[in-house]
Structure formats: structure tokens, C-alpha cells
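**Q** For the sequence shown, numbering that gives the first Met the number 0 assigns the number 0 to the initial residue and increments by one for each residue that follows. Every residue gets a Cβ at the ideal spot worked out from N, C-alpha and C, and that includes glycine. What you are looking at is a predicted structure, and each value in this text was computed from that prediction instead of being measured. Supplied in C-alpha cells, the structure appears directly below.
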Amino acid sequence: MKTAGCRLTGLSTAKATLHWKPLTFTQREACMKIILIGASGTLGKGIDKELGERHEIVRVGHSSGDFQVDISDADSIRALFEKTGRFDALVAAVGKVHFGALEEMGEAQYQLGLRDKLMGQVNLVLLGREYANDGGSFTLTSGVLAEQPIRFGSSASMVNCAVEGFVRGAALELPRGLRINAVSPTVVSEALPGYAPYFRGFKPVPTADAALGYARSVEGAQTGQVYRIW
């Protein structure tokens with residue numbers, strides 16, 4: 000895998016132990032092994048650039064990267080963690096939802112977002128917690144539509160709200176000092192050509208700005224938070 004700011008050696012692929020001590024400030028600033036799901040996407044590339052200067056990034060995509068995964072398939076997620084082994088942080092910058100008029104939406108259209116963006120990210124946490132090092136973190140992605148709905152975006156609004164609810168609830172119960180947060184970005188400038196018809200009147204942000212929310216989650220100390228980048 001390609002690394003920029005650091006390289007970790009001798010990492011065990013065994014599952015995490017049940018004993019933990021809070022990370023010190025120095026340890027949090029040290030090189031971490033970060034699993035980045037959706038690394039080849041527009042947002043993922045920005046996150047990679049921000050965190051890759053200081054940490055080792057394991058890049059994961061659907062069909063590209065160091066490893067591949069289908070987050071809508073729990074077996075695929077299990078297989079991913081068996082290959083990547085233990086990690087310090089997991090960032091999910093991925094998730095599919097269906098955009099369409101409410102009158103044309105049926106169960107199948109809503110199930111796409113429920114299986115992929117919602118349960119895909121939930122399963123990354125449920126299955127990944129056994130591989131997360133003590134004091135590690137999970138950072139999921141919701142989105143501005145959780146609070147600022149748009150026409151044709153009812154599925155995205157529903158799923159984003161559910162992701163944020165899961166983060167707040169799970170933060171109360173994760174063991175071993177594990178943390179979990181969500182980043183809620185608005186539409187990013189680099190993706191605006193494809194999404195502009197849906198986001199009229201929204202002010203886009205550069206991916207570099209959105210990536211700061213993920214850095215805040217990974218390198219900070221808070222848990223159960225939703226970082227709004229809009």
C-alpha cells in the first residue's frame with residue numbers, strides 16, 4: 000500500500016484484546032493505521048490527502064484500492080477485516096442511496112440506501128470493533144440532507160438521520176475506549192457538476208474543507224458527535 004507521512008511495521012492481524020488504556024495526546028498524534036472505505040471517491044481522495052501526510056492509509060474501494068469490499072454484504076466486510084487485520088481508525092466515506100420523486104419510490108428504492116449507506120456503515124462498526132485497537136475510532140458519513148431535505152431526496156434524508164442516530168446510541172456502549180462520530184458534509188465542489196440539479200441554492204465546500212471533519216474525528220477525543228461541514 001502507498002504511504003506518505005508514516006509507515007507502521009510489525010502489525011498483528013489478530014483481533015483486539017479486551018484490555019485498554021486511554022490514548023495519550025502523544026499517542027493520538029503518532030502514526031495510525033487508518034482503514035479508508037471509499038478511498039477512490041471524490042470525498043475519499045480529499046480525506047486521503049488530509050490524513051495521509053500523518054498516518055498510514057489502507058485504501059479500500061468497491062473495485063479499486065489496496066483491498067475491495069461490498070459494504071452491503073456482511074460476508075464481504077468480514078473478509079475485508081480478515082485481510083486488513085487490526086487498525087487504529089476506520090473512516091467510511093461511502094454509501095449509496097436512490098434519488099427519486101416520492102410518488103415513484105417503492106420499497107426497493109428505499110432498500111438500496113438502507114442496505115448500503117445505513118447497514119453497510121453499521122456493519123463496518125459491528126464487525127470491525129473486534130479488529131479495532133484499544134482507544135480506536137470509527138468515523139461514518141451522513142450528510143446535509145439529514146437536516147436540509149430536498150426534492151427527490153427522501154431516502155437520503157431518512158438514511159442520514161438513521162446514521163446519526165446510530166452514532167449517538169453506539170457511542171454510549173462501545174467498549175475499550177472506542178470512539179464513534181459522523182461527519183455530515185454538504186455537497187462538495189468537485190462533485191457539483193453531477194449533483195447541481197439536486198442542490199440548487201446550496202453553497203458547496205471544497206473536499207479539503209470536508210476532510211477536516213474527518214481529521215477532527217480521527218485525531219480528536221470526542222465521541223457520539225456529528226460534525227457538520229456546511
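Just to confirm, are G119 and I56 a CB contact at a threshold of 9 Å?
**A** Taking the first residue of the sequence shown as position 1, residue 119 is located at position 120. Taking the first residue of the sequence shown as position 1, residue 56 is located at position 57. No, Cβ-Cβ distance for G119 and I56 is not below 9 Å.
**Q** Would DSSP call K32 helix, strand or coil?
**A** Position 33 of the sequence shown, counted from the start, is the residue given in the question as residue 32. Reduced to three states, the DSSP call for K32 is strand.
**Q** Could you spell out where the alpha helix (DSSP H) holding D208 opens and where it closes?
**A** Residue mapping note: residue 208 aligns to position 209 of the sequence shown, counting from 1. It spans 206-218 - the alpha helix (DSSP H) in which D208 sits, taken as one unbroken run.
**Q** What separation, rounded to the nearest whole angstrom, lies between the Cα atoms of A190 and L42?
**A** By one-based count along the sequence shown, residue 190 stands at place 191. By one-based count along the sequence shown, residue 42 stands at place 43. Each residue's alpha carbon lies about 9 Å from the other.
**Q** Just the C-alpha distance for V90 and A100, rounded to the nearest angstrom, thanks.
**A** Within the sequence shown, numbered from 1, the residue matching residue 90 stands at position 91. Within the sequence shown, numbered from 1, the residue matching residue 100 stands at position 101. So the alpha carbons of these two residues sit roughly 31 Å apart.
**Q** Within the continuous alpha helix (DSSP H) that includes D47, where are the two ends?
**A** For the purposes of this step, residue 47 is taken as residue 48 along the sequence shown, with counting starting at 1. From DSSP, the alpha helix (DSSP H) with D47 extends over 41-51.
**Q** Alpha carbons only, please: which of G40, H61, A38, F86 is nearest the one belonging to K32?
**A** To locate residue 32, count along the sequence shown from 1; it is residue 33. With distances taken between Cα atoms, K32 lies closest to F86.
**Q** Roughly how many angstroms separate the alpha carbons of S216 and E106, rounded to a whole number?
**A** Numbered from its first residue, the sequence shown carries residue 216 at position 217. Numbered from its first residue, the sequence shown carries residue 106 at position 107. Their Cα atoms are separated by approximately 34 Å.
**Q** Tell me the DSSP secondary structure of G64 in three-state form.
**A** Numbered from 1 along the sequence shown, position 65 holds the residue referred to as residue 64. Looking at G64 - three-state DSSP - the assignment turns out to be strand.
**Q** Distance check for K48 and S188, CA to CA, integer angstroms please.
**A** Here residue 188 refers to the residue found at position 189 of the sequence shown. Here residue 48 refers to the residue found at position 49 of the sequence shown. When rounded, the distance between both Cα atoms is 16 Å.
**Q** Assess contact between the region 163-182 and the region 123-143, defined as three or more Cβ pairs (one per stretch) separated by less than 8 Å. Is contact present?
**A** The region 163-182 vs the region 123-143: in contact.
**Q** Where H54 and E172 are concerned, what is the direct C-alpha to C-alpha distance, given to the nearest angstrom?
**A** Within the sequence shown, numbered from 1, the residue matching residue 54 stands at position 55. Within the sequence shown, numbered from 1, the residue matching residue 172 stands at position 173. About 27 Å.
**Q** Just to confirm my understanding: we take F80, look at its own chain, exclude 5 residues before and 5 after, and list those with CB closer than 7 Å. What are they?
**A** Translated into the one-based positions of the sequence shown, residue 80 becomes position 81. Cβ within range, chain order: L126, G127, Y130.
**Q** What are the start and end residues of the alpha helix (DSSP H) that includes P184?
**A** In the sequence shown, counting from the first residue as 1, residue 184 sits at position 185. Taken as a continuous stretch (DSSP letters only), P184 belongs to no alpha helix (DSSP H), being part of the beta strand (DSSP E) at 178-184.
**Q** Hey, G223 and R167 are a contact pair by Cβ (cut 8 Å); roughly how many whole angstroms apart?
**A** By 1-based counting over the sequence shown, the position of residue 223 is 224. By 1-based counting over the sequence shown, the position of residue 167 is 168. 5 Å between Cβ atoms; contact.
**Q** Look at the alpha carbon of N132 and the alpha carbon of R175, and state the distance between them as a whole number of angstroms.
**A** Taking the sequence shown and counting its residues from 1, the one referred to as residue 132 is at position 133. Taking the sequence shown and counting its residues from 1, the one referred to as residue 175 is at position 176. If I take the Cα positions, the gap works out to 8 Å.
**Q** Would you mind reading off the limits of the beta strand (DSSP E) that contains A227?
**A** As a position in the sequence shown, residue 227 is number 228, starting the count at 1. What sits at residue 227 in the sequence shown is Arg, not Ala. It spans 225-228 - the beta strand (DSSP E) in which R227 sits, taken as one unbroken run.
**Q** Ends of the alpha helix (DSSP H) at V121?
**A** Here residue 121 is taken as the residue at index 122 of the sequence shown, counted from 1. It spans 118-127 - the alpha helix (DSSP H) in which V121 sits, taken as one unbroken run.
**Q** Look up V187 in the DSSP assignment and give the residues it is bridged to.
**A** Counting from one through the sequence shown, the residue named residue 187 turns up at place 188. V204, per the DSSP bridge assignment.
**Q** What distance in whole Å lies between the Cβ atoms of T83 and I34, which are believed to be in contact at a cut-off of 8 Å?
**A** Counted from its first residue, the sequence shown places residue 34 at position 35. Counted from its first residue, the sequence shown places residue 83 at position 84. Yes, they are in contact, since the Cβ atoms of I34 and T83 sit about 6 Å apart, within 8 Å.
**Q** Considering only residues of the same chain and omitting the five flanking positions on each side of L144, which have a CB-CB separation below 7 Å?
**A** On the sequence shown, position 145 is the one that residue 144 refers to. Counting only Cβ-Cβ distances below 7 Å, and skipping sequence neighbours, we find G152, A155, S156, N159.
**Q** Are T206 and F198 touching if we call contact CB-CB under 9 Å?
**A** Residue numbering aside, residue 206 sits at position 207 when the sequence shown is read from its first letter. Residue numbering aside, residue 198 sits at position 199 when the sequence shown is read from its first letter. It is not a contact, given that the beta carbons lie outside the stated cut-off.
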